[in-house]
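Visitor: Heads up: the sequence shown is residues 42 to 180, going by the working numbering.
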Amino acid sequence: GAQTLAAVERAQAERNEESPPDEVDAAPEPRILTRILVKENGKLFFVKTVDVDWFESESNYVRLHVAKKSYLVRGRMNTLEERLPREQFMRIHRSTIVNLDRIKEVYPWFGGDYIVTLLDGTQLKLSRSYRANLSQKIG
42 GAQTLAAVER AQAERNEESP PDEVDAAPEP RILTRILVKE NGKLFFVKTV DVDWFESESN
102 YVRLHVAKKS YLVRGRMNTL EERLPREQFM RIHRSTIVNL DRIKEVYPWF GGDYIVTLLD
162 GTQLKLSRSY RANLSQKIG
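So, in structure tokens, the structure goes:
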């Protein structure tokens, strides 16, 4: 009947939406992102943004690094940067956003760049163009 037809139309509309659930760009209006839907072994689950050590750009995707694991989701770094809590996360390179609570040390490197070492030993490049932002955040 009419209810079945309406249900089918709703299901088709949901399937045809351009933004898949694992996309960091999916929200119509910018709001603070507290969790991100990821897929692993065919299962979907949420990762809290505060649990992410750092984000890495990979073309039209973003890789979340969480402890020893990483997850790839569709989205753009610029959109992600706008939606992450500013007091918790900072862009340190055009392809990297870091969780400020995970930074162990920062030291000078060549050509005005710096190396950011995380608590787990991961080393990330802080480019000159983002250095002033970090200085403001950590004093």
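Using N, Cα and C, we set each Cβ at its ideal position, and we do this for glycine too.
#1: Indicate whether Phe96 and Val103 have their beta-carbon atoms separated by less than 7 Å.
#2: Pop quiz: His134 and Lys166 are said to be a contact at Cβ under 8 Å. What is the actual Cβ separation, rounded to whole angstroms?
#3: Going by DSSP, what residue range makes up the alpha helix (DSSP H) through Arg124?
#4: Quick one: what does DSSP say Asn174 is sitting in, helix, strand or coil?
#5: Rounded to whole angstroms, what's the CA-CA distance from Val107 to Lys145? Just pull it up for me.
#6: What is the residue span of the beta strand (DSSP E) that Arg132 lies within?
#7: Return the chain-ordered list of same chain residues with a C-beta closer than 6 Å to the C-beta of Asn101, the five sequence neighbours on each side being excluded.
#8: May I have the straight-line CA-CA distance separating Met118 from Ser136, to the nearest angstrom?
#9: Can you say whether Pro62 is buried or exposed, counting buried as having 16 or more other CB atoms within 10 angstroms of its CB?
#10: Determine the burial state of Leu160: buried for a count of at least 16 other Cβ atoms within 10 Å of its Cβ, exposed for fewer.
Guide: The structure says:
#1: Taking the sequence shown and counting its residues from 1, one reaches residue 96 at position 55. Taking the sequence shown and counting its residues from 1, one reaches residue 103 at position 62. With respect to the 7 Å criterion, Phe96 and Val103 are classified as neighbours on the basis of their beta carbons.
#2: One-based indexing of the sequence shown puts residue 134 at position 93. One-based indexing of the sequence shown puts residue 166 at position 125. The pair is a contact, with the Cβ atoms about 5 Å apart (cut-off 8 Å).
#3: Here the question's residue 124 lines up with position 83 in the sequence shown. Met118 to Arg124 is the extent of the alpha helix (DSSP H) around Arg124.
#4: In the sequence shown, the residue the question calls residue 174 occupies position 133. Looking at Asn174 - three-state DSSP - the assignment turns out to be helix.
#5: Counting from one through the sequence shown, the residue named residue 107 turns up at place 66. Counting from one through the sequence shown, the residue named residue 145 turns up at place 104. If I take the Cα positions, the gap works out to 16 Å.
#6: As a position in the sequence shown, residue 132 is number 91, starting the count at 1. Its beta strand (DSSP E) spans residues Phe130 to His134.
#7: For the purposes of this step, residue 101 is identified with residue 60 of the sequence shown, where counting begins at 1. Contacts found: none.
#8: Locating residue 118 in the sequence shown gives position 77, counting from the first residue. Locating residue 136 in the sequence shown gives position 95, counting from the first residue. Computed Cα separation, rounded: 7 Å.
#9: Numbered from 1 along the sequence shown, position 21 holds the residue referred to as residue 62. Confidence in Pro62 is poor, its pLDDT being 46 and thus under 50, which makes the residue's placement too unreliable to answer from.
#10: Working through the sequence shown from its first residue, we reach residue 160 at position 119. Leu160 comes out exposed.
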